[in-house]
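Numbering follows our numbering, in which position 52 of the sequence shown is assigned residue number 74; successive positions increment by one, without gaps.
Below: one structure, written as structure tokens.
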Amino acid sequence: MKVGDLVTYSFQVARWARGQSVHIGLIVETGKYTGNADVKVLWQGETRPETETRKHLTLVEKINASR
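Laid out in structure tokens, this is it:
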């Protein structure tokens, strides 16, 4: 994952497949943050990025490629 990638939470991939709403975010920064987080994600509808852990995220591009 790199800056500019669109992501969603991995646990929401099944919802995506059913056409239900999911959280979509843009990776705006990578690094080492507290709580083992390693990316900052600006989630849709939010004004400030949140720190997240890559292992809990899935690239939107990867989901679309598997269709």
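Glycine included, C-beta positions come from ideal geometry on N, C-alpha and C.
Leaving out five residues before and five after residue i in sequence, what residues of the same chain have Cβ atoms less than 8 Å from its Cβ?
i	result
E83	D27, L28
K54	D60
Quick one: using the 10 Å Cβ neighbour count with 16 as the cut-off for buried, is residue i buried or exposed?
i	result
V44	buried
T56	exposed
K77	exposed
T1	Missing from the structure shown is residue 1; the chain here goes from 23 to 89 and no further.
G67	exposed
Bridge partners of residue i, per DSSP?
i	result
T52	V61
Given residue i, which residues of its chain have a CB within under 7 Å of its CB, disregarding the five upstream and five downstream residues?
i	result
E74	A59, V61, V63
S32	H78, L79, T80
I85	V35, W38
Would residue i and residue j be called neighbours here (beta carbons separated by less than 7 Å)?
i	j	result
M23	I46	no
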